[in-house]
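Asker: For the sequence shown, the numbering used here gives the first residue as 147, with consecutive numbering after it. Beta carbons are placed, not taken as given, at the ideal position from N, Cα and C, and that holds for glycine. Everything numeric in this text was worked out from a predicted model, so none of it was measured. Starting off with a structure, shown below.
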Amino acid sequence: MHRVRTCSRFAGIFFAFVLLATGPLAIATTAQESAFDPAAFDVGLEPVAEGFAAPLYVTHAGDERLFVVEQAGMIQTVEGGESAESSFLDLTDRVGSDASERGLLGLAFAPNYTETGLFYVNYTDLDGNTVVSRFASPDGVTGDPESEEVILTQEQPFPNHNGGMLAFGPDNYLYIGLGDGGGQGDPNGNGQSLDTWLGKILRIEVDPDETGGEPYAVPEDNPFVSDSEARPEIWAYGLRNPWRFSFDRETGDLWIGDVGQNEYEEVSVL
């Protein structure tokens with residue numbers, strides 16, 4: 147059974163620089179002093195590429211290219227420090243980015259992308275609701291916008307706290323971050339409610355060879371798979387807005403960056 151091993155709130159601003167290689171799981175914490183000492187690290191910034199419009203995320207597909215996610219619905223490719231002349235994928239016709247936290251928010255390439263050409267995106271549609279979809283890149287150079295297969299959708303009650311992160315774990319399952327639906331103080335109590343995906347991280351199987359013709363399947367070892375009153379896709383709950391998370395390549399631990407309110411941000415380790 148997976149449990150939260152470490153949960154900490156860090157006062158002030160928490161800066162994390164990530165090298166791109168990118169019972170139940172309840173998130174509950176108390177404020178405490180941070181042991182993080184910025185002076186102990188020699189960290190700097192180096193420009194890699196420029197000319198993007200509202201870039202929100204950068205990832206790779208296992209080769210030398212970087213893929214830059216732009217909020218309005220474009221995915222751009224960078225190779226050798228230069229942006230490609232044309233975009234990798236254009237979803238501006240279906241992405242709603244009219245509010246500050248809406249738009250094209252996440253991108254993850256299938257673990258076997260080099261063989262299948264499959265990748266996944268998380269975006270808010272023109273009605274403001276969350277959509278997680280699968281696309282194909284037949285030539286490996288560009289994605290086909292007409293290849294969309296919707297994996298799941300989630301109605302959003304407010305325009306903020308959409309989450310948006312997608313990542314494949316060491317188990318090759320797809321992990322999906324969803325915020326609590328927004329509104330100050332989680333007015334609908336979504337974070338602690340197990341009958342909604344809001345305020346959660348979901349864990350699902352999306353490999354078409356493993357889902358029996360369905361958009362996805364639920365892993366048998368998900369923590370609530372036997373609970374008739376809970377959504378079986380839930381992997382972790384009690385989150386506010388898990389905007390970004392990352393798997394430790396050595397331990398497999400999941401580090402979650404959960405957006406706080408006013409005074410605190412939170413990093414939780416599962």
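Can you check which of these residues, 322, 234, 304 and 282, is closest to residue 268 by C-alpha distance?
Answerer: The shortest Cα separation from residue 268 among 322, 234, 304 and 282 belongs to 322.
Asker: Taking residue 276 as part of the beta strand (DSSP E), name the residues at either end of that continuous run.
Answerer: Its beta strand (DSSP E) spans residues 276-282.
Asker: Threshold first: 4 residues or longer. Then list the alpha helix (DSSP H) segments lying entirely within the stretch 238-263, N to C.
Answerer: Correct list: 259-262.
Asker: Tell me the rounded alpha-carbon separation between residue 232 and residue 350.
Answerer: Approximately 32 angstroms between the Cα atoms of the pair.
Asker: Where residue 320 and residue 313 are concerned, what is the direct C-alpha to C-alpha distance, given to the nearest angstrom?
Answerer: Rounded to whole angstroms, residue 320 to residue 313 spans 6 angstroms at the Cα level.
Asker: If you scan the stretch 202-238 from start to end, which runs of the beta strand (DSSP E) of 3 or more residues do you find wholly inside it?
Answerer: The qualifying runs are 212-216 and 220-225.
Asker: In its own chain, which residues sit with a C-beta less than 7 angstroms from the C-beta of residue 341, not counting the 5 before and 5 after it?
Answerer: Excluding sequence neighbours, residue 341 sits near 375, 376 and 377.
Asker: Between the alpha carbons of residue 207 and residue 257, how many angstroms are there, rounded?
Answerer: Taking the straight line from one Cα to the other gives about 9 angstroms.
Asker: Once you ignore the five residues that flank residue 198 on each side, which residues in its own chain have a CB closer than 7 angstroms to its CB?
Answerer: Result list for residue 198: 214, 216 and 222, in chain order.
Asker: Have a look at 415, 299 and 387 and flag the residue whose alpha-carbon is nearest the alpha-carbon of residue 311.
Answerer: Cα-wise, what sits closest to residue 311 is 387.
Asker: Given 8 angstroms as the limit, is there contact between the stretch 351-371 and the stretch 325-335, that is, 3 or more CB pairs closer than that?
Answerer: No, the stretch 351-371 is not in contact with the stretch 325-335.
Asker: If the criterion is Cβ atoms closer than 9 angstroms, does the pair residue 383 and residue 337 meet it?
Answerer: Yes; because the gap between Cβ atoms is below 9 angstroms, this pair is in contact.
Asker: Can you check which of these residues, 219, 265, 254 and 235, is closest to residue 244 by C-alpha distance?
Answerer: It is 219 whose Cα lies nearest to the Cα of residue 244.
Asker: When you compare each of 225, 240 and 348 to residue 125 by their alpha carbons, which one comes out closest?
Answerer: The requested residue 125 does not occur in the structure, where the chain is confined to residues 147 to 416.
Asker: From what residue to what residue does the beta strand (DSSP E) around residue 381 run?
Answerer: Its beta strand (DSSP E) spans residues 380-383.
Asker: Where in the stretch 334-390 do unbroken runs of the beta strand (DSSP E), each at least 3 residues long, occur, reported from the N-terminal end onward?
Answerer: Complete beta strand (DSSP E) runs here, min 3: 346-350 and 380-383.
Asker: Run the CB neighbour count on residue 308, radius 10 Å, all protein chains shown included, and call it buried at 16 or more, exposed below.
Answerer: With 16 or more Cβ atoms within 10 Å of its Cβ, residue 308 is classed as buried.
Asker: In whole angstroms, what separates the C-alpha of residue 399 from that of residue 249?
Answerer: Looking at the two C-alpha atoms, the distance is approximately 28 angstroms.
Asker: What's the call for residue 379, buried or exposed, on a 16-neighbour Cβ count within 10 Å?
Answerer: Flag for residue 379 reads buried.
Asker: Measuring straight from C-alpha to C-alpha, what distance separates residue 226 and residue 408?
Answerer: Whole-angstrom Cα-Cα distance: 39 angstroms.
Asker: In this structure, does DSSP put residue 186 in helix, strand or coil?
Answerer: Helix, per DSSP.
Asker: For residue 370, I'd like the list of residues in its chain whose CB is within less than 6 angstroms of its CB, leaving aside the five on either flank, ordered along the chain.
Answerer: Excluding positions up to five away in sequence, the list reads 376, 378 and 380.
Asker: Between the alpha carbons of residue 229 and residue 246, how many angstroms are there, rounded?
Answerer: Rounded to whole angstroms, residue 229 to residue 246 spans 25 angstroms at the Cα level.
Asker: Grouping DSSP H, G and I as helix and E and B as strand, with all else coil, what is residue 400?
Answerer: Strand.
Asker: Could you round the C-beta distance between residue 241 and residue 194 to whole angstroms and report it? I think they count as a contact, below 8 angstroms.
Answerer: Actually they do not touch by this definition, with Cβ atoms about 24 angstroms apart.
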